[in-house]
Ligand SMILES: Nc1ncnc2c1ncn2[C@@H]1O[C@H](COP(=O)(O)OP(=O)(O)OP(=O)(O)O)[C@@H](O)[C@H]1O
Ligand SMILES: [Mg+2]
């Protein structure tokens, strides 16, 4: 009886120990590569190696003094914004139709939006390239934005759908009962309650628009080369910490985005 | 219920004003399930009407039809004599207090209450005065800036009521508004809400499955069973003159004793007789408080049984008494010297206190 109890307690402790260890490993996997990139971006030597031999901000200076890189960064930010706007404009109504629509095929639609995301990025890139040619849209910042919106639409639709499904339908009925028209109800009740989900979706669509390579490589414009494509070229030709510096800037941007979210809607509400 | 009573005031004989809400033979089906089966009832100006019935009998469905969230498949629902079917939800002057309150979680108390006025495009200054008044009416002054999640269940309920009352609706619908409250708060809120509704003179339809709540709150009660209105009348009528055994059983917990009527009377086992117009197999309703208990002794009546268990009900004691070969009877007694010593297992004799309090129904 007693020994059994001690044994159970011991197992409990052991279990907690294993969980803590696994959590530490997971955290290391998540953070270590990013940390190493940031550290390498300050190296004084002209090639990537770890640990660094000294400290310099030269690479950052170079990043922001190379018009090619700065343009690429601006292009990618633009694409990120366009993709996000497209996904909000098309994804939110799609989510509403999937959840609220009582037409046949609402379920089919909600599954169908996932398809582009399931297809390998390269395949989708090629497909959009051909489709674009059919409509007379050649590789450009527009085609790139459209292709990436197609690619990540599912994230926005699914995030908003999940929130909609858990939205109490009585809230909208209460609103109507209090005299609101359908549009007033949408604007003052539904949309505000969907906002955290839309923002969470927007962060993902922006980041995908900003740094996707597989789809982008086929659809981007040759004069507006986005950052991932530019980075690939640099990595293929050189081995300089310049790439690490660009990556660090990207990491900083991502953290800024998360910071903005946690300050405005709170990180814990992203999954609501 | 007779039809004339609806049109002519029983006391003064004067014709009543037209009902505010008039439901005529409302039918609602979901697939092949008939949830409302030719429901008819009406609420007069300033009246509190209760829909009382067990879970699933269609109370919420009827409210949803009145509010316009559902359209009845047949029959009519009139408000102030006008058919409501063509009127969209947001144009009906019907305020609903939902079972779960359905407060807007992203709006403060003040903005929840202001919501309907804002949708009507009322100037901000006027909205503010009205909201202040409405919150004072439900004793929530000072809570303007709180969010619903920061309120207790009772406070949330009062916000839900204020949110509707501020619009001065013609009809107020309340779906089991006290469900989420503890027993004590429930009691005080019932009185408060009744007084409030009466003070404002609003016509209200109120849903509950709690018969005591119905008796406390209502001017008239519609007892429902599986989509049908079994009886529609004042609490006194429902309690003292139930239309059938179902109503008698649902309102005020009754005992039923099966017997045989002949010559205009039924003889109970204790020798007393109950007058009736029926003959043949009958079922006699006996309220638990109408049964007197005595320890079975030499002068015992011939109606005896054994106490199965006893239960404290406030100041009263409820006894469940097993009779030979029959289902048990319930008796309710004041806790005084004569019954204090009675405990489970004791043999007791039963007598009817008042034969006039019994009602005889035909046995089907
Ligand atoms: N949308 C619907 N589709 C199908 N059946 C429904 C629908 N709404 C209600 N019902 C059924 O109609 C019946 C009556 O439901 P209703 O909600 O009116 O009951 P109620 O009297 O309010 O019960 P409760 O006291 O439990 O709230 C139930 O059997 C319910 O399952
Ligand atoms: Mg209900």
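Residue numbers (the numbering used here), protein chains in the order written: chain W, -7 to 264; chain V, 278 to 641.
Even glycine gets a Cβ: it sits at the ideal position worked out from N, Cα and C.
Item                                                                                                                                         : Value
Cut-off 8 angstroms between Cβ atoms - residues of its own chain near residue 567(V), not counting five sequence neighbours on either side   : 629, 630, 631, 634, 635
Minimum Cβ-Cβ distance from residue 523(V) to chain W less than 7 angstroms                                                                  : no
Distance between residue 389(V) and residue 423(V) (C-alpha atoms, nearest Å)                                                                : 10 angstroms
Three-state class that DSSP yields for residue 170(W) in the structure shown                                                                 : coil
Cβ neighbour criterion (16 or more within 10 Å) applied to residue 47(W)                                                                     : exposed
Proximity test, residue 337(V) beta-carbon vs ligand 2 heavy atom, cut-off 6 angstroms                                                       : yes
Min CB distance residue 320(V) to chain W below 7 angstroms                                                                                  : no
Inter-stretch contact (C-beta, 8 angstroms, three-pair minimum) for the segment 479 to 497 of chain V and the segment 320 to 338 of chain V  : yes
Cβ-Cβ distance between residue 135(W) and residue 211(W) below 7 angstroms                                                                   : yes
Close beta carbons around residue 216(W), own chain, < 6 angstroms, minus the five adjacent residues each side                               : 67, 133
Spatial distance of residue 645(V) from residue 546(V) (CA atoms)                                                                            : The structure shown does not extend to residue 645(V), since chain V spans only 278 to 641, so no value can be given for it.
Identity of the residues DSSP links to residue 484(V) by a beta bridge                                                                       : 328(V), 452(V)
Alpha helix (DSSP H) segments (min. 4 residues) lying fully within the segment 340 to 404 of chain V                                         : 386 to 396
Alpha-carbon spacing of residue 90(W) relative to residue 511(V), whole angstroms                                                            : 48 angstroms
Proximity test, residue 334(V) beta-carbon vs ligand 1 heavy atom, cut-off 6 angstroms                                                       : yes
C-beta contact flag for residue 448(V) and residue 298(V) at 7 angstroms                                                                     : yes
Own chain partners of residue 131(W) with C-beta closer than 8 angstroms, once the 5 adjacent residues on each side are dropped              : 121, 124, 210, 211, 212, 213, 214
Distance cut-off 6 angstroms: residue 307(V) Cβ against heavy atoms of ligand 1                                                              : yes
Residue interval of the alpha helix (DSSP H) (run including residue 196(W))                                                                  : 183 to 203
Interface residues of the segment 164 to 190 of chain W facing chain V [CB-CB below 8 angstroms]                                             : 165, 166, 167, 168, 169, 170, 171, 172, 173, 176, 180, 181, 184, 185
Proximal residues of chain V, C-beta to C-beta of residue 160(W) below 8 angstroms                                                           : 377, 379
Partners in chain W for residue 397(V), counting only beta-carbon separations shorter than 7 angstroms                                       : 171
Cβ-based burial, residue 99(W) [other Cβ within 10 Å; buried from 16]                                                                        : exposed
Three or more C-beta pairs below 8 angstroms linking the segment 513 to 520 of chain V and the segment 366 to 381 of chain V                 : no
Nearest residue (CA-CA) to residue 167(W), options 437(V), 453(V), 499(V)                                                                    : 437(V)
Interface flag, residue 537(V) vs chain W, CB-CB below 7 angstroms                                                                           : no
Closest by C-alpha distance to residue 375(V), when choosing among 456(V), 606(V), 470(V)                                                    : 456(V)
CB contact below 7 angstroms: residue 604(V) versus chain W                                                                                  : no
As assigned by DSSP and simplified to three states, the class of residue 294(V)                                                              : coil
Limits of the beta strand (DSSP E) - the one that residue 639(V) falls within                                                                : 636 to 639
Closer than 7 angstroms to chain W by CB, residue 424(V)                                                                                     : no
Proximal residues of chain W, C-beta to C-beta of residue 440(V) below 9 angstroms                                                           : 166, 170
Residues near residue 177(W) by beta carbon distance below 7 angstroms, same chain, minus five either side                                   : 164, 167, 168
C-alpha distance - residue 10(W) paired with residue 30(W), whole-angstrom precision                                                         : 30 angstroms
Beta-carbon contacts of residue 555(V) that lie in its chain and below 7 angstroms, excluding the five residues immediately before and after : 538, 637, 639
Exposure of residue 336(V), with buried meaning 16 or more beta-carbon neighbours within 10 Å                                                : buried
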